[in-house]
Structure formats: structure tokens, C-alpha cells
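Only one structure is covered here, and it is reproduced in the block below.
In the numbering used here, the protein residues as written are 1117 to 1535.
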């Protein structure tokens, strides 16, 4: 039996895949602790892992980040991204280390298993001297000399001009990431560690083992390190009860719309999507993404139905297309069911997800997080009319299934702990 400390930033899309990995480790007979926010205690305990709460670290509500991180108030786009990264994913590292040290002093673990979004795992591993594996729960954003910087959703250039573009964009990384690198150095200094020899974008990755959600078909065709393994879809189906209107889907084509669970302003995607699809010969099932909020603050068309959350694993097999803001977990869930996509990704990792969906041929990239109603309608009509999107989505579904998911991730972690 090995001892694992699993950590996840307290976001639904981060905790769900890490919880699946934790459950698979418990199933294999290992001792597992799980460090995350208090809102996810029940989800963690259902895996069989022991819950460890954020105590020194500032716990927060993912749907009201400004309440804990006030610099985010009123911010969107690049400004939001930078403050989000600095205040949540970098500056909390010293406090996360304090929590981890308390657990380490109580009982040591063999391997730290963490998502790749935060500086904290590298700080914890270095400060405590423990081994560390990264689980990439977001679209893979490793910096590579063969591609443009991750996060832009751009395909690697294949011509001399394209490669020159990529090199020029990579040259901008130091200027764009300097603020995060300085914040990371401050966080390391606060816990007695020297400045790192690499930027923040490289510090979040284990040099020994990376388990990447997704499959190579959803990545760009560039070299990846030998210690990286694709493990498919990690999140397990969530126990979401069907809404009262579930039976109204029977006998009708279905289109699903979701705003995700973060940045859930319904005017960004839900409103233009529902408006654009108002006269579609289909039931449009929409998720608000906000716990306990089943309605939206605007009139909806007669063919639309809304709920806070929807049982996607039961809904997606009945659907023809998913209109989504580009949350990686939701995209992988849709593709696991062979469901093609229309993606309106505007911030954080969403443009990167949209670019990969487009490159893989499994859907359409709207190239904005605030599309017009006409753009959504045109994209949905195109996906429904062109069988190649569904064919390609089904091919990716087969690859996701073959990758092994959380059981394969647990197997690789078990082997890592034994070496």
C-alpha cells in the first residue's frame, strides 16, 4: 500500500477529475488524503479518501471569487486572467504549504498528486522533499519550441511563415509572464525557497510524471516529453437528478447549451444561444451552471428548458450538438459520448479548448465568449447538417475509452510510487 496526498484547486472542474483519480487509488487499496476547499468535502469523502480542508489557505466560492479576491471585481478578459492567476494560483502557495506541512508532520505521504493550475504543488514538493506527479486536468499547456504559446488556441505553424509567427509569439512570453514570475518568486521567498530558474509556466509541471486528461487527437501534433501519458476522460458521472421537464425531451431532437460553472454571466452565451435557437425544431436544454438557480433573468423561447445542473451523461446520448463555453471537463464528457460541439470560449483556458475542438474536427470554434445569436445558430445548423463532425467525435470517443481514464491514471501512479 502506498500513501498519496491528492490536491486540487477548489473549482468543480478541477476537483471532479482529481476525485476520480483518488477514487481509483482507493479502489486499488492505497491510503489517500485529498486537500481542497470545504465545499467539496462530500464529493471527496464519497471517493473513500480522507478530506483535508484549506485552513491557512483562503477558501473561496468559485462562483463569487471577488468576495475573497477583491481585485477581480469588474474584471474580464486578459485583466481577469492575470489577476486570477496571480491571486488564486500563485499567491496562495505559501498558505497551501502551511496546510500541507501540518499534514506532512502528522503523517508523511509517498507521492503528492496535484492538478497543474497552481504553483503550490512545486513549492510543497520542494519544501517538504516529497515526490510529485502532475495530473493535467486542463487542455495540455506545456510550453514547447514547436508551437505558439499555449492558451491562444492557435495551431502550430507548418510553414516557414507559420513557424516564424510561433517564434515571435514565444518571444513575448517573458514580457507577458513577467508579472506571474515575479509573484512566484515572492511566494517562494516567503517560504524560504530561492527564486526558481524557470518561469511559472514551467514550475507547475512535475519533471517525473505527467498524466494528461484527453487524448493525442485533441492535442496539437508536436513532440511531448516521455514522462507524459494520455489517460482520457477522468471525471466520473455526477449524481445529478433529472429536471422536472425531463420527459418533455422524449421524441424530440435535443440541443444542449451550457455556460459552465465559472464566469456564469448568462448574457455571454446562454442568452444569445437560446435566442438564436428559438425557432429550431428541437428542445434546447440549458444549464445555468449556478447551484440552486434553475432559471435565467430573461424570457426564454418556448422550445427552451433550463436547470441549474443537468445529468450530462444521461442527456448527451440524446443530443445532436452541445453549445458550450469550452470547459475542458464538459468537452471531454461530450466527446466521450461522441457528441459534436459548438464552442464559445472567451477567457482563461477556453480559447485553447475551442482551438483544439476545431483542429480535431469535432466541432466549431466561435472565436469569442460572447457570440451573436446568428453566429450560434449558423454553427449549430452546420454541425447538425454535416455528418463529419459526428463521425470525428465518435472516433475521439473510442480513443478516450481506450486511454483508460482514472483506473489507468491510478495504475501509473501506483507504479510511480513503487519506483
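All C-beta atoms in this analysis are idealised placements derived from N, C-alpha and C, irrespective of residue type, glycine included.
Distance from the Cα of residue 1344 is smallest, within the candidate group 1124, 1302 and 1519, for 1519. In the three-state DSSP reduction, residue 1147 falls in the strand class (E or B).
Runs of alpha helix (DSSP H) with 4 or more residues, each lying fully within the region 1385-1471, are found at 1386-1392, 1428-1431 and 1444-1452, listed in chain order. Per the C-alpha coordinates, the member of 1183, 1423, 1215 and 1251 positioned closest to residue 1200 is 1183. Counting only the Cα atoms, residue 1409 lies some 24 Å from residue 1152.
Beyond the five residues adjoining it in sequence on each side, residue 1131 comes within less than 7 Å, by CB distance, of 1124, 1152, 1156 and 1159 in the same chain, given in chain order. Residue state for residue 1326 is assigned as strand, using DSSP reduced to three classes. Distance between residue 1352 and residue 1247, taken at the CA atoms: about 26 Å. A contact between stretches requires three or more CB pairs, one per stretch, nearer than 8 Å, and the region 1457-1476 fails this requirement with the region 1425-1432. The DSSP-derived three-state label of residue 1125 is coil.
DSSP, reduced to helix, strand and coil, places residue 1481 within a strand of the structure shown.
Note on the region 1306-1352: whole alpha helix (DSSP H) runs with a minimum of 4 residues are 1316-1319, in chain order. Secondary structure note for residue 1248: its beta strand (DSSP E) is the uninterrupted segment 1247-1252.
Between residue 1450 and residue 1227, the gap from beta carbon to beta carbon reaches 8 Å or more.
As computed with DSSP, residue 1230 is found in a beta bridge with 1123 and 1250.
The alpha-carbon separation between residue 1240 and residue 1405 amounts to approximately 32 Å. DSSP places residue 1166 in the uninterrupted beta strand (DSSP E) bounded by 1166-1169.
Shown here, residue 1131 sits in a helix according to DSSP, grouped into three states. Taken atom to atom, the span from the alpha-carbon of residue 1526 to that of residue 1335 is near 22 Å.
Between residue 1416 and residue 1444, the alpha-carbon positions lie close to 27 Å from each other. Comparing alpha-carbon positions, the option among 1503, 1431, 1179 and 1120 lying closest to residue 1372 turns out to be 1431.
Spanning the alpha carbons of residue 1381 and residue 1411 requires a straight line of approximately 13 Å.
Contact annotation: the region 1163-1173 touches the region 1214-1223, with at least three C-beta pairs closer than 8 Å. Checking the DSSP bridge columns, you'll see residue 1372 partnered with 1401 and 1438.
As for any alpha helix (DSSP H) of minimum length 4 sitting wholly inside the region 1270-1309, the runs are 1276-1287 and 1289-1306, ordered along the chain. Linking residue 1282 to residue 1296 through their CA atoms gives a straight-line distance of about 21 Å. A contact between stretches requires three or more CB pairs, one per stretch, nearer than 8 Å, and the region 1284-1302 fails this requirement with the region 1493-1509. Taking a cut-off of 8 Å on C-beta distances, the region 1302-1316 touches the region 1192-1211, as three or more cross pairs fall below it. Taking the Cα positions, residue 1397 is about 12 Å away from residue 1500. Beyond the five residues adjoining it in sequence on each side, residue 1456 comes within less than 7 Å, by CB distance, of 1437, 1478, 1479, 1499, 1505, 1506 and 1509 in the same chain, given in chain order.
In the structure shown, residue 1152 adopts extended strand secondary structure according to DSSP, grouped into three states. The C-beta separation of residue 1421 from residue 1364 comes to about 7 Å, placing the pair in contact by the 8 Å criterion.
Listed in chain order, the non-local C-beta contacts of residue 1188 below 6 Å within the same chain comprise 1181, 1182 and 1199, local neighbours out to five positions each way being set aside. Taking all protein chains in view, the Cβ of residue 1161 is surrounded by fewer than 16 other Cβ atoms within 10 Å, so the residue is classified as exposed. Within its own chain, the residues whose Cβ lies closer than 6 Å to the Cβ of residue 1429, once the five positions on either side in sequence are excluded, are 1353, listed in chain order.
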